[in-house]
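Student: Encoded as structure tokens, here's the structure I'll be asking about.
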Amino acid sequence: MLDREMLYEALHKEIPILTTQIRKLYAELDQKFHLEGAKVPMTFGMDRDCLGSYTQAGGGEREHFHFSLLFVGYSVEHPLSRDDRMDLYKHEYAHYMQAHMKIPEKYQWQTGKHGSAWKYCCSLVGAAPTPYYKAGEALMNHDYDKVLKSKIHDHTVPMWDHYRREQEYKKTRDSKVQYQVGDSVEHPKFGAGSIEKVEQRAGGVHLHIRFEDGVRKMDQKWVLQTTRYRKAGDR
1408 MLDREMLYEA LHKEIPILTT QIRKLYAELD QKFHLEGAKV PMTFGMDRDC
1458 LGSYTQAGGG EREHFHFSLL FVGYSVEHPL SRDDRMDLYK HEYAHYMQAH
1508 MKIPEKYQWQ TGKHGSAWKY CCSLVGAAPT PYYKAGEALM NHDYDKVLKS
1558 KIHDHTVPMW DHYRREQEYK KTRDSKVQYQ VGDSVEHPKF GAGSIEKVEQ
1608 RAGGVHLHIR FEDGVRKMDQ KWVLQTTRYR KAGDR
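Here the sequence shown is numbered in the working numbering, starting from 1408 and rising by one per residue.
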């Protein structure tokens, strides 16, 4: 298994390749559905509890797709299969479609992020109509007619609502600022650093840390979760 820092460096080098692959797929879907998903900005991170996401513009957020390199990257110990990776990309494109397409009224009976409108979009692009990732599901034959005709009292709705609330809680937790300007941190590779800027955003916090070789932008969650990162006052 690669050293964590070596792994992160290897994954960051994959971003251009992954971006090209995703934009190629989205361009093909755009042509089919007369949309512009391939033009939407795309970001990558090291999220451990979220494979990917689509965010609409609003509330201080710009429209963008986001994917975790710890799942879509090729350098991880157990990378996703090609089919599962494509299904993830289509899953997020379906969210984009829901925001930019007129959804027939008969497919609007179930509200929520992963409601009937989103499932309808999944049926158009061939994505698994399930709210969270399950290995091998991309290869299954999905009965879209069944999930689209389900009644509002479908027993899986509470599960989806619980999952949504759980994800919202995680985003709120990850958005809480744990560091402040002037705090010192120690990095096993870059050495001692000082936080110059704290950038709070929806779903997380970015820390701008000045090391001897320059300023690096890091996710606060990685700093907190990686034991080799320490606040000077904690030692």
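In this text, a Cβ means the ideal position worked out from N, Cα and C, and glycines have one as well. Note that the structure is predicted; figures quoted are calculated from it, not measured.
In three-state terms, what does DSSP make of THR1462?
Tutor: Looking at THR1462 - three-state DSSP - the assignment turns out to be strand.
Student: On a CA-only basis, which of VAL1622, PRO1511, VAL1479 is nearest GLY1600? Give me that one, please.
Tutor: Among VAL1622, PRO1511, VAL1479, the Cα nearest to that of GLY1600 belongs to VAL1622.
Student: With ILE1602 as the anchor, note down where its beta strand (DSSP E) starts and where it stops.
Tutor: From DSSP, the beta strand (DSSP E) with ILE1602 extends over 1598-1608.
Student: Give me the Cα-Cα distance between ARG1492 and VAL1479, rounded to the nearest whole angstrom.
Tutor: The alpha-carbon atoms of ARG1492 and VAL1479 are separated by roughly 6 Å.
Student: Would you mind working out which of VAL1630, GLU1619, LEU1476, PHE1618 sits nearest VAL1584, comparing C-alpha positions?
Tutor: Cα-wise, what sits closest to VAL1584 is VAL1630.
Student: Helix, strand or coil for SER1591, going by three-state DSSP, please let me know.
Tutor: It is a strand residue.
Student: Count the C-beta pairs between the stretch 1507-1525 and the stretch 1471-1491 that are closer than 8 Å, then say yes if the count reaches three, no if not.
Tutor: At 8 Å Cβ cutoff, the stretches do not touch.
Student: For ARG1455, does the three-state DSSP call read helix, strand or coil?
Tutor: Coil, per DSSP.
Student: Does the stretch 1415-1432 come close enough to the stretch 1446-1463 that 3 or more CB-CB pairs lie under 8 Å?
Tutor: In short, these stretches touch, since the Cβ pair count reaches three.
Student: What residues in its chain sit with their C-beta under 7 Å from that of ASP1437, if we drop five residues either side in the sequence?
Tutor: The residues are GLU1443, GLY1444, ALA1445.
Student: Between which two residues does the beta strand (DSSP E) carrying SER1475 extend?
Tutor: First-last of the beta strand (DSSP E) with SER1475: 1471-1475.
Student: Under the rule that 16 or more other beta-carbon atoms within 10 Å means buried, what is LYS1628, buried or exposed?
Tutor: Label assigned to LYS1628: buried.
Student: Can you name, in chain order, every residue of its own chain whose Cβ lies under 6 Å from the Cβ of HIS1615, other than the five neighbours on each side?
Tutor: Here the set comprises GLU1603, LYS1604, VAL1622, LYS1624.
Student: If you count every other CB in all the chains shown that lies within 10 Å of the CB of VAL1588, and 16 or more means buried, which is it?
Tutor: Exposed: under 16 other Cβ atoms inside 10 Å.
Student: Can you tell which of ALA1464, GLY1467, GLY1465, SER1460 has its C-alpha closest to the C-alpha of HIS1360?
Tutor: As displayed, the chain neither begins before 1408 nor continues past 1642, which places residue 1360 out of reach and without an answer.
Student: Contact check, ALA1501 vs CYS1529 under 8 Å by CB: the rounded distance?
Tutor: Right, their Cβ atoms sit about 5 Å apart.
Student: Please classify GLY1466 as buried or exposed, where buried requires at least 16 neighbouring CB atoms within 10 angstroms.
Tutor: Exposed: under 16 other Cβ atoms inside 10 Å.
Student: Roughly how many angstroms lie between the CA atoms of PRO1538 and ASP1620, to the nearest whole one?
Tutor: Rounded to the nearest angstrom, the two C-alpha atoms are 42 Å apart.
Student: For ALA1417 and PRO1511, I'd like the C-alpha separation in whole angstroms.
Tutor: In a straight line, the C-alpha of ALA1417 is about 44 Å away from that of PRO1511.
Student: Run through the DSSP bridge pairs and tell me what LEU1614 is partnered with.
Tutor: Paired residue(s): VAL1605, MET1625.
Student: Using a 10 Å radius around the Cβ and a threshold of 16 neighbouring Cβ atoms, would you call ALA1464 buried or exposed?
Tutor: Classification of ALA1464: exposed, given that the 10 Å Cβ count is below 16.
Student: Under the DSSP definition of a beta bridge, which residues are partnered with GLU1468?
Tutor: Answer is GLY1465, bridged to GLU1468.
Student: Please report the straight-line C-alpha distance between PHE1354 and ARG1617, rounded to a whole angstrom.
Tutor: Examination of residue 1354 is not possible in this model, given that the chain is present from 1408 through 1642 alone.
Student: By a C-beta neighbour count over all protein chains shown, 10 Å radius and 16 as the cutoff for buried, is LYS1513 buried or exposed?
Tutor: LYS1513 should be labelled exposed.
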